[in-house]
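Shown next, in structure tokens, is the structure this report addresses.
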Amino acid sequence: MAVSSYIGRFAPSPTGPLHKGSLLAALASFLDAQANGGQWLLRIDDLDPPREVPGAADRILRQLDEHGLHWDGPVLYQSTRLPAYKEALQQLSRASLLYACYCNRARLRTLGGSYDGKCQIHNLNSSTAIPDKPHAIRIQLPEQSTIDLEDLIQGSLRFDLSKTGDFILWRRDQLPAYQLACSLDDGHQGINHIIRGSDLLDSTPRQIHLLNCLALKPPQYGHIPVLSNAEGQKLSKQNHAPELSSDDTVSNLFDCLGLLGFSVPSELNNSSNQQLLNWAVEHWQPGNVPVLSRVTESDSP
Ligand SMILES: [Zn+2]
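Numbering (my numbering), first residue to last: -17 to 283.
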């Protein structure tokens, strides 16, 4: 049998246990990896200690296990990767791509999400940075940059990267920013397929750009709809999404398969997790996943 070079991953943050929205993302990436004979890696995004909940990482591992979503190889904890993030920062700094941003929160709020480049004069590779003054580190984007993406689920997408503004790679509180850690680890782990929620769609062009700057090959992406509650909010810990129940893991999987566009035969109602997952791997069709709309829990058959 030919060895597949497919490497996928699931990368939750330990800010709380899995809820149904995170199970949906885990399941979609698991199925795509399994259906392609690939590996499915697990990475814990534990780079934001103030937001982490003690014990949540272990709870997530147990929840994945309970649902039969077994990952390949050791778990990578991002907190062990700080030297690599710093090294990448040096690499980008030597290429004169980084600058220190001294803007305070009040100023950033007035900009409404897209940074205006005011601090570009403080390039880290020059002597214009102000020593010891607290700052974030941003990457300077090209004036014009279009990123085209052939999304495995959403089809052809085009992004104007310059519209998003220079984004942060290192936070003011001295922690690596999500975009840097995520891109670097995807490259480090050889991830070549990422299936994740469409709430991360605006991160994707930034990560592709960053991977290019780091001379790493961007993976293929597929974005699934985000699960929202009855009020139309994304299911998340902030919105008090309930913890996934361990009592009926088959029914959790059943619901998520429905949301991913499967018509699961009713005779699988009494199957085990493993039987259900085996069936789903065999019948997985990324093309059946709903396109860029939000699904709500009531959409599950
Ligand atoms: Zn600034």
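Glycine included, every Cβ here is placed at the ideal spot set by N, Cα and C.
Contact set for residue i: own chain, Cβ-Cβ below 6 Å, skip 5 residues either direction
{"i": "Glu48", "result": "Ser228, Thr231"}
{"i": "Tyr59", "result": "Ile26, Asp28"}
{"i": "Arg41", "result": "Pro(-1)"}
{"i": "Asn270", "result": "Gly243"}
{"i": "Ser165", "result": "Gln189, Leu192, Leu193"}
Closer than 8 Å: residue i CB and nearest ligand 1 heavy atom
{"i": "Lys100", "result": "yes"}
{"i": "Arg89", "result": "yes"}
{"i": "Tyr84", "result": "yes"}
{"i": "Arg140", "result": "no"}
{"i": "Tyr97", "result": "yes"}
{"i": "Arg120", "result": "yes"}
Cβ neighbours of residue i in the same chain (closer than 8 Å, five flanking residues each side left out)
{"i": "Arg(-9)", "result": "Ser11, Trp22, Leu23, Leu24, Arg25, Asp168, Gln171, Ile173, Ile176"}
{"i": "Thr146", "result": "Ser96, Leu123, Asp184, Pro187, Arg188"}
{"i": "Arg33", "result": "Ser(-5), Thr(-3)"}
{"i": "Ala163", "result": "Asp27, Leu29, Gln60, Arg63, Tyr67"}
Rounded separation between residue i and residue j - CA only
{"i": "Ala39", "j": "Ala88", "result": "33 Å"}
{"i": "Leu235", "j": "Arg76", "result": "48 Å"}
{"i": "Phe244", "j": "Ala17", "result": "14 Å"}
{"i": "Pro113", "j": "Cys83", "result": "12 Å"}
{"i": "Leu151", "j": "Ser254", "result": "44 Å"}
{"i": "Pro283", "j": "Gln256", "result": "With a pLDDT of 47 at Pro283, under the threshold of 50, the predicted position of this residue should be treated as unreliable, though the coordinate-derived value follows. Going from the Cα of Pro283 to the Cα of Gln256 covers about 20 Å."}
{"i": "Ala223", "j": "Thr186", "result": "25 Å"}
{"i": "Arg276", "j": "Leu46", "result": "Only weak support exists for where Arg276 lies, its pLDDT of 47 falling under 50; the coordinates are left without a value."}
{"i": "Leu217", "j": "Leu9", "result": "16 Å"}
{"i": "Val246", "j": "His265", "result": "10 Å"}
{"i": "Pro56", "j": "Leu43", "result": "12 Å"}
{"i": "Ser(-13)", "j": "Leu196", "result": "22 Å"}
{"i": "Val208", "j": "Leu239", "result": "14 Å"}
{"i": "Tyr67", "j": "Asp155", "result": "15 Å"}
{"i": "Leu80", "j": "Pro(-6)", "result": "28 Å"}
{"i": "Val273", "j": "Ile206", "result": "7 Å"}
{"i": "Cys85", "j": "Gly20", "result": "44 Å"}
{"i": "Pro51", "j": "Leu226", "result": "It is worth fixing the name first, because residue 51 is Leu in this sequence and not Pro. Approximately 14 Å, taken between the alpha carbons."}
{"i": "Ala7", "j": "Thr110", "result": "43 Å"}
{"i": "Leu157", "j": "Thr128", "result": "29 Å"}
{"i": "Gln73", "j": "Leu241", "result": "42 Å"}
{"i": "Ile103", "j": "Glu213", "result": "44 Å"}
{"i": "Arg178", "j": "Leu106", "result": "33 Å"}
{"i": "Leu258", "j": "Asp237", "result": "12 Å"}
{"i": "Leu198", "j": "Ser78", "result": "18 Å"}
{"i": "Pro31", "j": "Gly37", "result": "12 Å"}
{"i": "Ala70", "j": "Gln215", "result": "35 Å"}
Cβ-based burial, residue i [other Cβ within 10 Å; buried from 16]
{"i": "Ser180", "result": "buried"}
{"i": "Ala(-16)", "result": "Note that Ala(-16) scores a pLDDT of 48, beneath 50, so its modelled location is shaky and nothing firm can be said."}
{"i": "Asp54", "result": "exposed"}
{"i": "Gly137", "result": "exposed"}
{"i": "Ser108", "result": "exposed"}
{"i": "Lys115", "result": "exposed"}
{"i": "Gly140", "result": "Correcting the residue type first, residue 140 is Arg in the shown sequence and not Gly. Arg140 should be labelled exposed."}
{"i": "His1", "result": "buried"}
{"i": "Ser4", "result": "buried"}
{"i": "Asp142", "result": "exposed"}
{"i": "Ser210", "result": "buried"}
{"i": "Ile121", "result": "buried"}
{"i": "Ser248", "result": "exposed"}
{"i": "His117", "result": "buried"}
{"i": "Ile(-11)", "result": "buried"}
{"i": "Ile119", "result": "buried"}
7 Å Cβ shell around residue i - same chain, five flanking residues per side excluded
{"i": "Pro268", "result": "Asp14, Leu134, Ile135, Gly204"}
{"i": "Gln161", "result": "Phe149, Leu151, Ser185, Arg188, Gln189, Leu192"}
{"i": "Trp261", "result": "Leu250"}
{"i": "Gln126", "result": "Ser144"}
{"i": "Leu159", "result": "Leu is not the amino acid found at residue 159; the sequence shown has Ala there. Ile150, Leu151, Trp152, Arg153, listed in sequence order."}
{"i": "Glu94", "result": "In the sequence as presented, Glu is not what sits at residue 94; that position holds Gly. Excluding sequence neighbours, Gly94 sits near nothing in its chain."}
{"i": "Val263", "result": "Leu13, Gln16, Ala17"}
{"i": "Asn252", "result": "none"}
Practice task
Would you check if the region 186 to 201 and the region 85 to 102 touch, i.e. whether three or more CB-CB distances between them fall below 8 Å?
Solution key: no
Exercise for the section: May I ask you to verify whether the region 48 to 65 touches the region 97 to 110, counting CB pairs closer than 8 Å and requiring at least 3? Expected result: no
Handout entry: Three CB pairs or more closer than 8 Å across the region 200 to 214 and the region 122 to 133
Key = yes
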